[in-house]
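Novice: Dropping a structure here in C-alpha cells format, bear with me for questions.
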Amino acid sequence: MSAEGGEGRGGRPGRRRPGARRRTGASSPPSGPRDAPGPPGAGEGAAGDEGPRAAEPPADPVAVARGIALRQLAMAPRSRGELAAAMARKGVEEPVVEQVLDRLTEVGLVDDVAYADMLVRSRQETRGLARRALLHELRTKGVEDDVARGAVADVSDEDERAGAERVVERKMRATRGLDEQVRLRRLAGVLARKGYPPGVAYAVVREALDAERDG
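Letter by letter, the sequence shown follows residues 10 to 224 in this note's numbering.
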C-alpha cells in the first residue's frame with residue numbers, strides 16, 4: 010500500500026487527504042488595496058498648479074444695460090420703450106434702465122420724436138398705412154401717446170388718400186377677372202386693414218375701378 014500523499018500503483022498520483030491544502034509555488038507577500046485613493050488633497054500643489062483662482066468681480070449693471078441697448082441700436086433704430094423692454098427681458102432693474110436711457114437720450118442716441126417721424130414716413134410711403142394704423146404701430150413700439158399723435162398729425166388728408174391710391178393700384182391686377190362687386194369688397198377690405206375708414210376706402214376703390222373701365 011502506497012504512502013499517503015505519494016504515488017499509488019501504476020504511477021498514478023495518490024489522493025489527497027480530506028482537508029489537505031494543495032501546495033503552490035513560492036508565496037508572495039500580501040499587497041495592499043489596489044488603486045487605493047490617497048488622502049484628501051493628495052496631488053495638489055504639484056508643479057504648474059496655480060491653486061484656486063480668485064473670483065471675478067461682479068459685472069457693472071450699468072455697463073451691462075448699456076451694452077444691451079447699444080446692440081439693439083446697432084441693428085435698427087429703436088424707441089425708448091423698445092430699449093426698456095429689451096433690458097427688462099435681460100433682468101436689468103428699472104432704476105438702471107432709466108439711468109441708461111436718460112444718458113443715451115442726452116447724447117442723442119435715443120430720440121422718440123425723430124424715431125416716430127421716421128417710422129411714420131417709412132410706413133406711409135412703403136406700406137400705405139393710414140393714420141389710424143400708424144398711431145397703433147407707434148403705440149405698440151412704446152412711443153408715448155403725445156409723441157405718436159404729433160408724428161401722425163403730419164400726415165395730411167391728401168397724403169393719406171394718395172397712400173390709399175397707391176395700395177389699390179398695386180392690388181388691382183390680382184383681382185382682374187372677378188366680378189366688379191367682389192373686386193370692390195376685396196380692395197376696400199385691403200384698405201380697411203391698413204387703417205383707412207370705410208368712406209375713404211370705398212371712394213378710392215370705386216374711382217380706380219371706374220378709371221380702369223373707362224381706360
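The beta carbon of each residue, even a glycine, is placed where N, CA and C say it ideally should be.
Please read these numbers as outputs of a predicted model, since none were measured by experiment.
Measuring only the C-alpha atoms, how far is leucine 200 from glutamine 133?
Specialist: 13 Å
Novice: From which residue to which residue does the alpha helix (DSSP H) around glycine 172 run?
Specialist: 166-184
Novice: Could you tell me whether the stretch 72-90 touches the stretch 116-136, where touching means 3 or more Cβ pairs closer than 8 Å?
Specialist: Contact between the stretch 72-90 and the stretch 116-136 is present, because at least three Cβ pairs lie under 8 Å.
Novice: Residues in its own chain within less than 7 Å of leucine 113 by CB, not counting five upstream and five downstream?
Specialist: Ala78, Val119
Novice: Which residue from Lys203, Ala123, Gly208, Val105 puts its Cα closest to that of alanine 139?
Specialist: Lys203
Novice: Is it true that the CB of glutamate 91 sits closer than 7 Å to the CB of glycine 151?
Specialist: yes
Novice: Is the separation between the beta-carbon of valine 122 and that of valine 156 shorter than 7 Å?
Specialist: yes
Novice: Can at least three beta-carbon pairs, one atom from the stretch 162-181 and one from the stretch 208-223, be found at a separation below 8 Å?
Specialist: yes
Novice: Assuming glutamate 189 contacts leucine 218 under a Cβ cut-off of 8 Å, what Cβ separation, rounded to an integer in Å, is found between them?
Specialist: 6 Å
Novice: Less than 7 Å between the C-beta atoms of valine 213 and valine 164, yes or no?
Specialist: The Cβ-Cβ distance between valine 213 and valine 164 does not fall below 7 Å.
Novice: In the structure shown, what three-state DSSP assignment does arginine 136 receive?
Specialist: coil
Novice: Looking at the structure shown, is glutamate 153 part of a helix, part of a strand, or coil, going by DSSP?
Specialist: coil
Novice: For threonine 135 and proline 66, I'd like the C-alpha separation in whole angstroms.
Specialist: 49 Å
Novice: Measuring CB to CB, does arginine 101 end up less than 7 Å from alanine 74?
Specialist: Here residue 101 turns out to be valine, not arginine, going by the sequence shown. In this structure, valine 101 lies near alanine 74, with their beta-carbon atoms less than 7 Å apart.
Novice: Exposed or buried, which one is threonine 184 when buried takes at least 16 other CB atoms within 10 Å?
Specialist: buried
Novice: For alanine 94, I'd like the list of residues in its chain whose CB is within less than 7 Å of its CB, leaving aside the five on either flank, ordered along the chain.
Specialist: Gly151
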